[in-house]
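Residue numbers (my numbering), protein chains in the order written: chain L, 1 to 57; chain C, 58 to 351. No residue lacks a Cβ here, since even glycine has one placed at the ideal position from N, Cα and C. Please read these numbers as outputs of a predicted model, since none were measured by experiment. Reading through the structure tokens given below for one structure.
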Amino acid sequence: MKTTCEVCSGAIEVPNDAIKGEIVSCPDCGTEYEVIEVKEGGVSLKPAEEVGEDWGE
Amino acid sequence: MVKTGENKSKLSLTILYDRLRWEEKALAEEAQRIGVNVNMVDAKTTPLELVGNGLTKEPFGDVVLERCMSHIRGLYYAAILEKEKVVINSFNVTLVTSNKLLTTLALDKAGVPTPRTAAAFSLESAIEQADRMGYPLVIKPVIGSWGKMVACVRDKREAEALFEIREMIHEPLQQVYYLQEYIQRPPRDLRAIVVGDRILTSIYRYQPEGDWRTNIARGGYAELAKLDKEQEDIILKAAKAVGEGVMGVDAMESDRGLLVHEINGCVEFKGAASVSTVNIPKAIAEYALEKVRR
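Structural data, given as structure tokens:
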């Protein structure tokens, strides 16, 4: 599935088996997006939450 | 791939996440293959009632795998959900494993060999303690992961420079100086994935070129490790020291034997899975379901 980066207008290829919550990134500028919804071959994204200081394993 | 729970008679397992990684997808797939209802709940968008009429709008299953990357978010979720659900890892396990200082206390209390460690709560006392311990010396944030902000200072001048920078980060946890002896070890550490009282698999994590830290998140690579009985006992004792659950126990091979230096309560296992023959996500899912089958 294809969509466009909000930051640099690069083309983002989202895997067909992507599911809600998954993270994809723009190959051109690296901006990370979170998959909000996958419907009828289309996908909607939102900018991913930034990694926090308390994030980790 | 992941459908909300439909069949009421079946057990149900929830994966609580804030960022979906390979691990969470693998856990969901294995749980589905086992044949239970599986649903995924986004911790970022799901409020919980502490006091009120019903915990949450989202359907939480019989058992919840708490997989938040944000330790603090995961900790509070566990505390709230435990009112009604079995949560893995529990609030208490997460409280200790998400904090290196509390982990060190628990390990030492249980007699698990761990590096010499100290805490200081001001720049001056941190320098004083660093001088007492000698250099090189490792400083780590008490909460954090992936080797982030872990530094090795080689002398007093470097310690002063680094501690002054931390002093300017006006964030309470940054004023906790967690100082640990630098361990001479091979260019690798050991990661054992423990579920309950069982070591699922162990790997060596080799540090990438030019870095002294071995985190796979920083480019380290994995190799299967074969532990001897003594090493296994130390690892299992460490896991028990912080409470039972699903965790990654990290240790170093020193001239004093194996030293456990950290335990990760929301363990990432993609690296281990790439070299191990054990089906890690399946074993974790089964362990979680076993908790509610009894």
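Point to revise | chain C contact for residue 36 of chain L (CB, 7 angstroms cutoff) | key: Position 36 of the first sequence, counting from 1, holds the residue named residue 36 of chain L. Residue-level contact by beta carbon fails for residue 36 of chain L and chain C, as no gap is shorter than 7 angstroms.
Practice item. Please decide whether residue 62 of chain C counts as near chain L, where near means a Cβ-Cβ distance under 7 angstroms. Key: Within the second sequence, numbered from 1, the residue matching residue 62 of chain C stands at position 5. With a pLDDT of 48 at residue 62 of chain C, under the threshold of 50, the predicted position of this residue should be treated as unreliable, though the coordinate-derived value follows. Output row for residue 62 of chain C: interface = no.
Practice item. Alpha carbon to alpha carbon, how far is residue 265 of chain C from residue 11 of chain L? Give it in angstroms, no decimals. Key: In the first sequence, the residue the question calls residue 11 of chain L occupies position 11. In the second sequence, the residue the question calls residue 265 of chain C occupies position 208. Each residue's alpha carbon lies about 32 angstroms from the other.
Point to revise | 6 angstroms CB neighbourhood of residue 119 of chain C in its chain, flanking five on each side removed | key: What you label residue 119 of chain C is simply residue 62 of the second sequence in a count that begins at 1. Taken in chain order, the residues that qualify are 68, 69 and 349.
Check your understanding: CB residue 144 of chain C to CB residue 135 of chain C, shorter than 7 angstroms?
Key -> For this step, residue 144 of chain C is matched to residue 87 along the second sequence. For this step, residue 135 of chain C is matched to residue 78 along the second sequence. In this structure, residue 135 of chain C lies closer than 7 angstroms to residue 144 of chain C by Cβ.
Review point. Do we get a CB-CB distance below 7 angstroms when we pair residue 56 of chain L with the residues of chain C?
Key: On the first sequence, residue 56 of chain L is found 56 positions in, with the first residue counted as 1. True, the Cβ-Cβ gap to chain C drops below 7 angstroms.
**Study point:** Whole-angstrom distance between residue 22 of chain L and residue 77 of chain C, CA atom to CA atom
**Key:** Against the second sequence, residue 77 of chain C aligns to sequence position 20. Against the first sequence, residue 22 of chain L aligns to sequence position 22. Spanning the two alpha carbons is a distance of roughly 5 angstroms.
Review point. How many angstroms separate the CA atom of residue 24 of chain L from the CA atom of residue 33 of chain L?
Key: Translated into positions along the first sequence, residue 24 of chain L becomes position 24. Translated into positions along the first sequence, residue 33 of chain L becomes position 33. Rounded to whole angstroms, residue 24 of chain L to residue 33 of chain L spans 5 angstroms at the Cα level.
Check your understanding: For residue 336 of chain C, which of helix, strand or coil comes out of DSSP?
Key -> As a first step, residue 336 of chain C must be located in the second sequence, where it is residue number 279. Residue state, collapsed to three classes: coil.
Review point. For residue 258 of chain C, which beta-bridge partners are listed by DSSP?
Key: What you label residue 258 of chain C is simply residue 201 of the second sequence in a count that begins at 1. According to DSSP, residue 258 of chain C bridges with C:250.
Check your understanding: Within the 7 angstroms Cβ cut-off, does residue 22 of chain L reach chain C?
Key -> By one-based count along the first sequence, residue 22 of chain L stands at place 22. Yes, contact with chain C.
Check your understanding: Cβ of residue 131 of chain C within 7 angstroms of Cβ of residue 123 of chain C?
Key -> For the purposes of this step, residue 131 of chain C is identified with residue 74 of the second sequence, where counting begins at 1. For the purposes of this step, residue 123 of chain C is identified with residue 66 of the second sequence, where counting begins at 1. Yes; because the gap between Cβ atoms is below 7 angstroms, this pair is in contact.
Point to revise | Close beta carbons around residue 115 of chain C, own chain, < 7 angstroms, minus the five adjacent residues each side | key: As a working note, residue 115 of chain C is residue 58 in the second sequence. Here the set comprises 98 and 103.
Review point. With 7 angstroms set as the bound, which would you pick, yes or no: does the beta-carbon of residue 321 of chain C sit closer than that to a beta-carbon of chain L?
Key: Taking the first residue of the second sequence as position 1, residue 321 of chain C is located at position 264. Yes, contact with chain L.
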